[in-house]
Structure formats: structure tokens, C-alpha cells
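Scroll down for the structure; my scribbles are underneath it.
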Amino acid sequence: MAKIAVLGFGTVGGGVARVLEENREAIAARLGEEVSLKRILVRRFRESPWRDRMTDRIQDITEDPEVSVAVEVIGGVDAALDYTRRCLMAGKHVVTANKQLVAEHGRELLELAEEHGVRYLFEASVGGGIPLLHPLVNCLGANRIEEVYGILNGTTNYILTQMTEQGESFRDALRAAQEKGYAEADPTADVEGIDAGRKTCILADLAFGQETPPAEVPMEGITRLDLRDVAIARAAGYRVKLLGRTLRLPEGGYAAYVAPHLIPEGKPIAHVSGVFNAAVIRGSAVGETLFCGPGAGACPTASACVADVMDCLAGPARFRFRWGKAGGLRDAREVVSRWYLRTGAGASAVLAAFPEAEVLLEEGGCAFLTGPLSGYAAETAAKTLPVLARLRVLD
Ligand code: NAP
Ligand code: HSE
Numbered sequence: 094m095a096k097i098a099v100l101g102f103g104t105v106g107g108g109v110a111r112v113l114e115e116n117r118e119a120i121a122a123r124l125g126e127e128v129s130l131k132r133i134l135v136r137r138f139r140e141s142p143w144r145d146r147m148t149d150r151i152q153d154i155t156e157d158p159e160v161s162v163a164v165e166v167i168g169g170v171d172a173a174l175d176y177t178r179r180c181l182m183a184g185k186h187v188v189t190a191n192k193q194l195v196a197e198h199g200r201e202l203l204e205l206a207e208e209h210g211v212r213y214l215f216e217a218s219v220g221g222g223i224p225l226l227h228p229l230v231n232c233l234g235a236n237r238i239e240e241v242y243g244i245l246n247g248t249t250n251y252i253l254t255q256m257t258e259q260g261e262s263f264r265d266a267l268r269a270a271q272e273k274g275y276a277e278a279d280p281t282a283d284v285e286g287i288d289a290g291r292k293t294c295i296l297a298d299l300a301f302g303q304e305t306p307p308a309e310v311p312m313e314g315i316t317r318l319d320l321r322d323v324a325i326a327r328a329a330g331y332r333v334k335l336l337g338r339t340l341r342l343p344e345g346g347y348a349a350y351v352a353p354h355l356i357p358e359g360k361p362i363a364h365v366s367g368v369f370n371a372a373v374i375r376g377s378a379v380g381e382t383l384f385c386g387p388g389a390g391a392c393p394t395a396s397a398c399v400a401d402v403m404d405c406l407a408g409p410a411r412f413r414f415r416w417g418k419a420g421g422l423r424d425a426r427e428v429v430s431r432w433y434l435r436t437g438a439g440a441s442a443v444l445a446a447f448p449e450a451e452v453l454l455e456e457g458g459c460a461f462l463t464g465p466l467s468g469y470a471a472e473t474a475a476k477t478l479p480v481l482a483r484l485r486v487l488d
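Going letter by letter, the sequence shown gives residues 94 to 488 in this note's numbering.
As C-alpha cells, then:
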């Protein structure tokens, strides 16, 4: 029987315990041995059916020769980084859902794991329960990856859905997302695009093989989004979604950013709603592939964590999860796209500045789509008109 430990016993930690318990037989049948949760690291003891397995000493895990895998679901960097290093150095595999830690320290931790002959896996860190990172590295390993984009934050997709479909307020929808266990401890990371940004960095790390520092990636969330623009876009055949996107640039290098986008209704990803996430991976051989499923929540996230535990226990990796130092990241304003602009100016002023403009609405100003423009050109053009809203279009 394999024995594992969970570090942090909140939403996802509890989900891991539950999935191990409820799916004990299926897991054993697939793996060829049972998996038992021997230790749970907490910082505060509380009444629980798991009370007898709880400890507040990391040494009870690092020094236990029976524990072969630790699942880090504390979140954040400080304690999580310290404990992850200590587990890896003690020869334990580490599995995590902690995107902040992977985005900021993944390269170092992968190297440390390799040095100690163990694995560091983080499927749950991007897309919750959706298999995304293993398909990117393993199943699509024969491709040169050209682009990955997606709805990568369950909380904001849930909030946008509740606001636009149910007429709920931002505050009520956020509170519901917190109650359902979707949101980060500090939900600013969700609503300001930072959580989606960390996930975009991890996707870029794996897709392009270079460290993508979160501090160098522009991240815009949904707090400045005006529902008027969502309604105008919808009437014109577009849905507005918060996307994380990373892509190769024609001039070399790659870009990464997070921002709300107009997506044509014809694309399946435009209809992904609620807590669901979806990601498109575009590879040189396969073309476009779409992955979709629950992007947050205790059991979906635990599903990915426990699968990583099983992967560690099953034997050596088939392909290496790793990336090198930073180098090829370019300014996201180099990415060319159409833009949605809303201005206080009338259609004649708009058409004088943008002869290719497609006017969507003329009413106390004008909402229109531009032709393809780089972010720099869109910024410059926006200075010629009083621009009230500016969103990229995903074509
Ligand atoms: P959570 O509910 O806040 O759970 C974190 C747990 O870690 C809490 O119980 C906390 O204890 C405990 N903890 C904090 N510091 C600790 C320490 N030094 N030692 C031991 N335990 C400590 O968070 P969560 O939602 O489970 O998220 C965990 C991680 O998974 C985060 O990185 C998150 O981004 C990621 N994730 C979450 C989801 C999701 O749907 N929730 C999905 C994918 C990924 P206290 O109770 O004492 O605060
Ligand atoms: N807070 C995150 C989200 C959890 O809402 O997507 C899953 O990573």
C-alpha cells in the first residue's frame, strides 16, 4: 500500500481526502496498489474525522520513510515553498494545485526534484479538473506549439455568467463563488486577472520551454468591464470572456497576457459558462484542440491532484515537465488583432480615424470594431478619440 500526505487541509485538501476515500477501489485497480492518506499537515487542529492523522510538524512527513508523495495545497509562496523544498530534498514526490508557486518558482522546483530523483507535478494548477498540462506535454509532444488560450479562471467566468444571465450583482456573484470554494483566499487575484495570469505563465513555460515571469505579463481582470459593452457585443454576435493567451509572434519570440476579449459566437469557447474553464491548444501538426471542464472546486481539483499522485507512484515520467531560463517573452502589444472600441465621438469622427471601422452602435457616441491593429497602434489610435472602452477581439 502506498502512503501519502496532504499539506494544507482546506477546500482542495479536503477534496483530495474525499476522492481517495470514495474512489479507493477504482484507484487501486488502475494503479495496482491502494493509496492511503497517512498524514495531514495543518496549522490549527480542529475536530474532524481525520483528526488522528493531523500534525502541525512538517518533519512528521519529511522524516516518515513510509510517505512517498506529498500533496501541497496550502497555496501562496512562503510556507508552501519551504515545505515543497523540504519534501523534495527528503526524496518525496510533490504534487500541487498551487499556481502561484509553480508560476514563480516552478523551474527551480523542477530542477530540485530532478536532482533528488523525484517528481514535481502540477496538473491541477491550470484548469482545475481539466486534463491540460499532461496533454500539452505528452499527447501533443510531437507538435511545435503555436498558441494556447483559454478561460482559465472559474471564479470570473462564474461571476460574468451570473451577472449577464441571471442579472446578479458583482458583489453577490463573488460571494457565491467564495461560498462554493472557487475563489482564491484573496479574491483580488481572481477578479484582477492575476490567477489567470499565473496559469497563462505556466502554459507558456511548458509550451515554449522558457520561464515566463508573472511580473512581465500584462494582466487585466473583469473589474473595469462595463456590462454595456457586453450587451453591445452580444447584439453583434460576440460573447465577452476573460482569456489568458500565449502565442508565438511572427517576428520571433512569444507573447503572453490576460484580458477580456470579444469572441465570435461561432467559436465553442464563447459558450463556456459558469465555473467551467476551456483552453484551446494550437499545434503545428494537430491544428486546434479544445479542452473543457470544471475549472475550480474541491473534487474536480482533487481529481487532477490524485491522478498526479498515481502518476508519481506508477513510475518514471514518460516525458519531462521542464523549462529553461527566461528569454523570448516579448511585449504583448506586438500581438495584432481587431479591437472593439467605444467612444463618445460620433460615427463620422470614427470613420475619419478608422476608415475600416465596422460600426456596431451609434447612440450617444459610437461602438465599433477596428481592422487588425497591434496593441501599440490601438493605443495610439485611441488617443485621437475619447475612448471609453477598449477590448481585443479573438478571431
Ligand atoms: P484553502 O481552502 O484556503 O486551503 C488552504 C489550507 O492551507 C487552509 O486550511 C489553511 O489553514 C492551510 N494552511 C495555510 N498555511 C498553512 C501552513 N503553514 N501549514 C499548514 N496548513 C496551512 O485553499 P484551497 O482553495 O484549498 O486552495 C489551495 C491551493 O489550491 C491554492 O494554491 C489554490 O490556488 C489552489 N487551487 C484551488 C482550487 C479551488 O477550486 N479551490 C482549484 C485549483 C487550485 P487555515 O484553515 O488555518 O487557514
Ligand atoms: N480561484 C481559481 C479559479 C481556482 O477560480 O479558477 C482554480 O484555479
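Ideal Cβ positions, reconstructed from N, Cα and C, are used throughout, including at glycine. Keep in mind that this is a model prediction, so the values were computed, not measured.
Tryptophan 432 is bridged by DSSP to Arg485.
With respect to the 9 Å criterion, threonine 189 and cysteine 392 are not classified as neighbours on the basis of their beta carbons.
Classified as buried, serine 161 has 16 or more neighbouring CB atoms from the shown chains inside 10 Å of its CB. When C-beta atoms of the segment 164–174 are compared with those of the segment 102–121, three or more pairs fall below 8 Å, so the two segments count as touching. CA-to-CA, the gap between alanine 206 and leucine 226 works out to about 18 Å. Per the C-alpha coordinates, the member of Glu115, Asn191, Lys96, Cys180 positioned closest to arginine 150 is Cys180. Of the candidates Pro353, Ala329, Pro228, Pro353 places its Cα closest to the Cα of isoleucine 287.
If only uninterrupted beta strand (DSSP E) runs of at least 3 residues are considered, those enclosed by the segment 335–370 are 347–357. Around the Cβ of asparagine 191, a 10 Å sphere holds 16 or more other Cβ atoms; the residue is buried. Excluding the 5 residues flanking it on each side, cysteine 405 has same chain C-beta neighbours closer than 6 Å at Val162, His186, Arg212, in chain order.
Sequence-distant Cβ neighbours of leucine 124 in its own chain, meaning closer than 8 Å and more than five residues away, are Ala95, Met403, Leu406, Ala407.
9 Å or more divides the Cβ of glycine 386 from the Cβ of glycine 274. Contact between valine 195 and phenylalanine 215 holds: CB atoms are separated by about 5 Å, below the 8 Å threshold.
With a cutoff of 8 Å, leucine 245 counts as near ligand 2, since its C-beta is closer than that to a heavy atom of the ligand. Note on geometry: alpha-carbon atoms of threonine 436 and arginine 321 lie some 13 Å from one another.
Ligand 1 approaches serine 218 closely enough that one of its heavy atoms is under 8 Å from the residue's Cβ. Residue pairing by DSSP places tyrosine 331 opposite Pro357 in a beta bridge. Here the alpha carbon of glycine 420 sits roughly 8 Å from the alpha carbon of glutamate 304.
Per DSSP, the beta bridge partners of serine 129 are Lys96. For the pair valine 99 and tryptophan 143, the Cα-to-Cα distance works out to about 11 Å.
CA-to-CA, the gap between glutamate 114 and valine 135 works out to about 19 Å. For arginine 139 and arginine 111, the gap between their C-alpha atoms comes out near 17 Å. Excluding residues up to 5 positions away in sequence, Ile374 lie with their Cβ nearer than 6 Å to the Cβ of threonine 382 in the same chain.
Under DSSP, the beta-bridge partners assigned to methionine 312 are Val351. Nearest neighbour of glutamate 309 by Cα position, chosen from His364, Ala348, Asp279, turns out to be Ala348. When only Cα atoms are considered, arginine 485 and aspartate 171 end up about 36 Å apart. Using a Cβ-Cβ distance cut-off of 8 Å, the segment 357–373 and the segment 236–256 are in contact, since at least three pairs of beta carbons, one from each stretch, lie closer than that value. Judged by DSSP in its simplified three-state form, arginine 117 adopts helix. Taking all protein chains in view, the Cβ of lysine 418 is surrounded by fewer than 16 other Cβ atoms within 10 Å, so the residue is classified as exposed. By alpha-carbon distance to leucine 229, the top candidate from Gly380, Arg178, Arg117, Leu335 is Gly380. With fewer than 16 other beta carbons inside 10 angstroms of its own, glutamate 358 counts as exposed. Within the same chain, and ignoring the five residues on either side of glutamate 127 in sequence, the residues whose Cβ sits closer than 8 Å to its Cβ are Met94, Ala95, Arg117, Ile120, Ala121. C-alpha of glutamate 156 to C-alpha of arginine 413: approximately 27 Å in a straight line.
Counting only the Cα atoms, valine 333 lies some 13 Å from aspartate 488.
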